[in-house]
Amino acid sequence: MDLNSLTISQLRAQLAAGETTSVELTRAFLERVKATDGKINAFITVCEQEALTAADEADQRIAAGNAAPLTGIPLAVKDIFNTREVRTTCASKILDNYVSPYDATAVARLREQGAVIIGKLNMDEFAMGSSNENSAAGSVKNPWDLSRVPGGSSGGSAASVAAGQVLATLGTDTGGSIRQPASHCGVVGLKPTYGRVSRYGVVAYASSLDQVGPLARNVEDCATLLGAVAGYDPADSTSVDVPVPDYLATLKEGVKGKKIGLPQEYFIDGLDADVQAAVEAAIETYKQLGAEIVEVNLPHTDYAVACYYLIATAEASSNLARYDGVRYGVRVDNGEGLIGMYQRTRAAGFGDEVKRRIMLGTYALSSGYYDAYYLKAQKVRTLIRQDFLAAFEQVDFMLTPVAPTPAFRIGEKVNDPLQMYLSDIFTIPVNLAGTCALSLPCGVSSEGLPIGLQLLGKAFAEAEILQAAWAFENATDFGGKLAPL
Ligand code: GLN
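Going by my numbering, the sequence shown opens with residue 69, and the numbers climb by one from there.
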């Protein structure tokens, strides 16, 4: 089977017409994983048997005539989503042996539709990172250039789609972890509005920022996946009870007459020349499609990275307190009593970046520094959110680069955490504002690496940015490409 040109909508039609079966498809994708994963290391766990059983059930459901949009479609999820039958490691040694007693709501919603989950994808440990180098399961390689990072933290999710191992995946985005790897791997990735998708059963990193979203080969498949997982969940008190629109119904309506804002603070010195050229060409495309381009300002952008690394680490230090060797995962105990067991377990179980963030966050929350750091960061966050609200009064959505450069080399930034943190400068503000954004391919660098374009939408305006992304994808030829592995 030629997996190169397939999309979820095409496969759905083939399944319905009896031209293929879910079992056949699932086998083909599992084969592709076997053939390619030695090179890119995108999977932490492949669940072949469970997938084939689910595929068989999906075939029966299709035969019975009650298929849903994702029935029989092979997918995979970041190893941060709890899954009942296979372990959820979060790419950490401390959860190496952890099997959840329940499915995350997003996973359960995929299963309700009859989707086939073929495995769990590699990531930065506890979703902390921008390069997928912070993984106990080893680095993921960028399928376009194996010496480069795929981005992070959902690096396995993006790389597996780019490599044709699966059609689409679920990732999470706390400060860019869906959009930045999507950009570096040449796929489409969407971070929904805070509250749009339930995080129940998703291992928490920074709870006021974390959000679940899809990565896929094209915009339409992203819309299909979002439609499947979005919506209120009583088990997640931050999920919002507003109706989920039919994202496919409005997808092809175009951008004629739309006002697109260019935040001046995102077009800065230091932007890679190829990225700048690709984004400028995308602006021209939108003009030709009938959109109006206006300049806007997000004046507090400069403070976003510092603000994020206080809030995210503070929340992480609290969320990760639960990994103590008692309730979850691995325990290292050599008879030195309870405190000794905690210390040894956490020292052996967490990687360096996770430890760095727990220390930063604990410091920011300590009584002597709380006002100076954590409280101040919360105030800055409000200013950043107000910037977004003011800009969205003038425009329908905004357009920016996703990352200042294309994928960097493995090893290039590991010893310089600050440089690594700064690479998230264009994605982090959206999480602080709580709004939605997506990344889609808009060019290729002189070295053959994918470049992404970011569209920033108003709260709960996922349908609008998907529509704008579809218009661009169909007017150009950058999307839907598989890496030659
Ligand atoms: N790269 C950012 C970080 O390291 C964002 C990670 C994420 O979105 N999970 O925190």
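All residues carry an ideal CB built from backbone N, CA and C; glycine is no exception.
Pick out the complete beta strand (DSSP E) segments inside the stretch 418-488, 3 residues or longer, and give them in chain order.
465-469
How do the stretch 400-417 and the stretch 358-375 stand: do at least 3 beta-carbon pairs fall below 8 Å, yes or no?
no
Buried or exposed (CB count within 10 angstroms, at least 16 for buried), Arg395:
Numbered from 1 along the sequence shown, position 327 holds the residue referred to as residue 395. Arg395 is exposed by the Cβ-count criterion.
Among Leu451, Asn387, Tyr354, Asp370, nearest to Trp538 - alpha-carbon criterion
Your numbering for residue 538 matches position 470 in the sequence shown. Cα-wise, what sits closest to Trp538 is Tyr354.
I'd like to know whether the C-beta atoms of Ala227 and Ala110 end up nearer to each other than 9 Å.
Taking the first residue of the sequence shown as 1, we reach residue 227 at position 159. Taking the first residue of the sequence shown as 1, we reach residue 110 at position 42. In contact: Ala227 and Ala110 (Cβ atoms closer than 9 Å).
Identity of the residue in Gly547, Asn202, Arg453 nearest Ala372 by Cα
Counted from its first residue, the sequence shown places residue 372 at position 304. Per the Cα distances, Arg453.
Option nearest Ala96 by Cα separation, candidates Ile108, Ala84, Leu79:
Within the sequence shown, residue 96 is the residue found at index 28, counting from 1. Minimum Cα distance to Ala96 is reached at Leu79.
Three-state class that DSSP yields for Ala529 in the structure shown
Here the question's residue 529 lines up with position 461 in the sequence shown. The answer is coil: DSSP assigns Ala529 none of H, G, I, E or B.
Can you list, in chain order, the residues of its chain whose CB lies under 8 Å from that of Glu118, leaving out five sequence neighbours each side?
For the purposes of this step, residue 118 is taken as the residue at position 50 of the sequence shown. So the list reads Glu153, Val154, Ile185, once near-sequence residues are dropped.
Have a look at Arg425 and Gly516 and give me their C-alpha separation to the nearest angstrom.
Here the question's residue 425 lines up with position 357 in the sequence shown. Here the question's residue 516 lines up with position 448 in the sequence shown. Answer to the nearest angstrom: the Cα atoms are 34 Å apart.
Whole angstroms is fine: what's the gap from Thr413's alpha carbon to Ile162's?
Counting from 1 along the sequence shown, the entry for residue 413 is found at position 345. Counting from 1 along the sequence shown, the entry for residue 162 is found at position 94. Whole-angstrom Cα-Cα distance: 8 Å.
CB-CB under 7 Å to Ser245, same chain, minus the five flanking residues each way: which ones, in chain order?
By one-based count along the sequence shown, residue 245 stands at place 177. Cβ neighbours of Ser245 beyond the five flanking positions: Ala195, Gly220, Ser221, Ser222, Gly239.
Complete beta strand (DSSP E) runs within the stretch 131-214 (minimum length 3 residues, chain order)
142-146, 184-189
Might you give, ordered along the chain, the residues of its own chain that have their beta carbon closer than 7 Å to the beta carbon of Thr473, omitting 5 neighbours on each side?
Position 405 of the sequence shown, counted from the first residue, corresponds to residue 473. Excluding sequence neighbours, Thr473 sits near Asp340, Val343.
Close-in-space but distant-in-sequence residues of the same chain around Ala205 (CB under 6 Å, 5 per side omitted)
Stepping through the sequence shown from its first residue, residue 205 is reached at position 137. Cβ within range, chain order: Ile112, Ala159, Asn190.
Would Gly429 and Thr495 qualify as a contact pair, given that the criterion is a beta-carbon distance under 9 Å?
As a first step, residue 429 is located in the sequence shown; it is residue number 361 there, counting from the start. As a first step, residue 495 is located in the sequence shown; it is residue number 427 there, counting from the start. No.
According to DSSP, is Ser90 helix, strand or coil?
The residue labelled residue 90 in the question sits at position 22 within the sequence shown. DSSP places Ser90 in helix when its eight states are reduced to three.
When DSSP labels each residue in this structure, what does Arg216 get in the three-state scheme?
Numbered from 1 along the sequence shown, position 148 holds the residue referred to as residue 216. Strand at Arg216.
Leu316 and Gly295 look like a contact to me (Cβ under 8 Å); what is the Cβ gap, rounded to whole Å?
Taking the sequence shown and counting its residues from 1, the one referred to as residue 316 is at position 248. Taking the sequence shown and counting its residues from 1, the one referred to as residue 295 is at position 227. Contact flag correct, Cβ pair sits at about 7 Å.
Whose C-beta lies closer than 6 Å to the C-beta of Lys326 among residues of the same chain, with five residues either side of it excluded?
Walking along the sequence shown from the start, residue 326 turns up at place 258. Contacts found: Ala359, Asp464.
Reduced DSSP secondary structure (H/G/I, E/B, other) of Glu125:
Taking the sequence shown and counting its residues from 1, one reaches residue 125 at position 57. In the structure shown, Glu125 sits in a helix (DSSP, three-state: H, G or I).
As assigned by DSSP and simplified to three states, the class of Gly295
In the sequence shown, counting from the first residue as 1, residue 295 sits at position 227. Three-state result, Gly295: helix.
Rounded C-beta distance between Leu521 and Ser507? I'm assuming under 8 Å.
Residue 521 sits at position 453 when you count from the first residue of the sequence shown. Residue 507 sits at position 439 when you count from the first residue of the sequence shown. Yes, they are in contact, since the Cβ atoms of Leu521 and Ser507 sit about 7 Å apart, within 8 Å.
Taking the alpha carbon of Val362 as the reference point, which residue from Thr151, Met466, Gln487, Leu120 has its own alpha carbon closest?
Translated into positions along the sequence shown, residue 362 becomes position 294. Taking only the C-alpha atoms, the option nearest Val362 is Met466.
May I ask you to report which of helix, strand or coil DSSP gives Lys554?
Outside the displayed span of the chain (69 to 553) sits residue 554, for which this structure offers no information.
So, using beta-carbon positions, are Glu92 and Ala136 closer together than 9 Å?
Within the sequence shown, residue 92 is the residue found at index 24, counting from 1. Within the sequence shown, residue 136 is the residue found at index 68, counting from 1. Not in contact: Glu92 and Ala136 (Cβ atoms no closer than 9 Å).
Have a look at Ala123 and Arg100 and give me their C-alpha separation to the nearest angstrom.
On the sequence shown, position 55 is the one that residue 123 refers to. On the sequence shown, position 32 is the one that residue 100 refers to. The straight-line gap from Cα to Cα measures roughly 17 Å.
What is the residue span of the beta strand (DSSP E) that Leu388 lies within?
Within the sequence shown, residue 388 is the residue found at index 320, counting from 1. Where Leu388 is concerned, there is no enclosing beta strand (DSSP E), given that its DSSP letter is neither H nor E.
Can Asn387 be considered in contact with ligand 1, in the sense that its beta carbon sits closer than 8 Å to one or more heavy atoms?
If you number the sequence shown from 1, residue 387 lands on position 319. Checking the Cβ of Asn387 against ligand 1 gives no.
For the beta strand (DSSP E) that contains Ala110, what are its first and last residues?
Indexing the sequence shown from 1 puts residue 110 at position 42. Looking at the DSSP string, Ala110 is not in any beta strand (DSSP E), and its letter there is neither H nor E.
Alpha carbon to alpha carbon, what distance is there between Gly436 and Thr237?
In the sequence shown, the residue the question calls residue 237 occupies position 169. In the sequence shown, the residue the question calls residue 436 occupies position 368. Thr237 and Gly436: Cα-Cα distance of roughly 43 Å.
Return yes when the C-beta of Tyr376 is under 8 Å from any heavy atom of ligand 1, and no when it is not.
Locating residue 376 in the sequence shown gives position 308, where the first residue counts as 1. Tyr376: yes, Cβ under 8 Å from ligand 1.
C-alpha gap between Ile533 and Asn542, whole angstroms
On the sequence shown, position 465 is the one that residue 533 refers to. On the sequence shown, position 474 is the one that residue 542 refers to. Rounded to whole angstroms, Ile533 to Asn542 spans 14 Å at the Cα level.
Say the cut is 8 Å; is the CB of Thr242 nearer than that to a heavy atom of ligand 1?
Counting from 1 along the sequence shown, the entry for residue 242 is found at position 174. For Thr242, the Cβ falls inside the 8 Å cut-off from some heavy atom of ligand 1.
Proximity test, Ile452 beta-carbon vs ligand 1 heavy atom, cut-off 8 Å
As a first step, residue 452 must be located in the sequence shown, where it is residue number 384. Result no, Cβ not under 8 Å from ligand 1.
For Cys504, write down the residues that DSSP places opposite it in a beta bridge.
Here residue 504 corresponds to residue number 436 of the sequence shown, with the count starting at 1. Answer is Gly525.
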